[in-house]
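Undergrad: Handing you a structure now.
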Amino acid sequence: MFYDYISEVRGDLSEGSKKAYATQLRRIAEANKLSKATPLTFITRMANKAVRNRTLDFITLPMSEQTLQGENLRLSAVKVVLTAEKDRIEEWKYDKLLKLLIQVGKDTREAITKKNGLNELNEKEQVAFKISWDEITNFARDYHS
């Protein structure tokens, strides 16, 4: 449902972006028990929740997917729906949710930049980069032969 909607309201996006946004919107809808909701109902519920919950954790779903990039993508996907439905929801709710999306998105992107600047490895990277001196020595010997 969301893929067709995104294609309709943001046909300028790449196929990959449309699929990524649709997937994230579906995850948010499922987490908020809105699987069968229309885009208008979905964004209205998100705006109503934003009045009570300024962290937007019902959108970012920080516990379900441990990546900041995923959280940022979910925020962007909701912003696409919000922008498309601007004329169909109350102005103050639109303004409130947009302001929070911008602020939480900014904070998330700053956290991404900080984390990248620290060059911290995630678990998969730590496993991939565990190399012993023997392995390095063998590689160097084999490389020169």
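Per numbering that gives the first Met the number 0, numbering of the sequence shown is gapless, rising by one per residue and ending at 144.
Yeah, the Cβ is synthetic: ideal placement off N, Cα and C, and Gly gets one too.
Please read all numbers here as calculations on a predicted model, not as lab measurements.
Take Ala46 and list the residues in its own chain whose beta-carbon comes closer than 8 Å to its own, dropping the five residues that flank it on each side.
TA: Correct list, in chain order: Leu81, Ile88, Glu89, Lys92, Tyr93, Lys95, Leu96.
Undergrad: Are Gly69 and Leu60 closer than 9 Å when you measure CB to CB?
TA: Yes, Cβ-Cβ distance for Gly69 and Leu60 is below 9 Å.
Undergrad: Under 9 Å between the Cβ atoms of Leu24 and Phe1?
TA: Yes. Within cutoff.
Undergrad: Would you call Leu74 buried or exposed, if buried means 16 or more other Cβ atoms sit within 10 Å of its Cβ?
TA: Buried is the call here.
Undergrad: Going by C-alpha distance, which of Lys18, Lys17, Phe128, Arg44 is nearest Ala30?
TA: The option with the nearest alpha carbon to Ala30 is Arg44.
Undergrad: Buried or exposed: which applies to Gly15, given that a residue is buried once 16 or more other Cβ atoms fall within 10 Å of its Cβ?
TA: Gly15 comes out exposed.
Undergrad: By how many angstroms is the C-alpha of Glu134 removed from the C-alpha of Asp141?
TA: Taking the straight line joining both Cα atoms gives about 10 Å.
Undergrad: With distances taken between CB atoms, is the gap from Lys18 to Arg9 smaller than 9 Å?
TA: Taking 9 Å as the Cβ cut-off, Lys18 and Arg9 do not qualify as a contacting pair.
Undergrad: Rounding to the nearest angstrom, what Cα-Cα distance links Met62 and Asn71 in this structure?
TA: Computed Cα separation, rounded: 14 Å.
Undergrad: Near Ala49, what residues of its chain come up, given a Cβ to Cβ distance below 7 Å and the 5 sequence neighbours on each side ignored?
TA: Excluding sequence neighbours, Ala49 sits near Leu55, Lys95, Leu96, Leu99.
Undergrad: Give me the Cβ distance between Phe41 and Ala28, rounded to the nearest whole Å; I'm assuming they're in contact under 8 Å.
TA: Contact flag correct, Cβ pair sits at about 6 Å.
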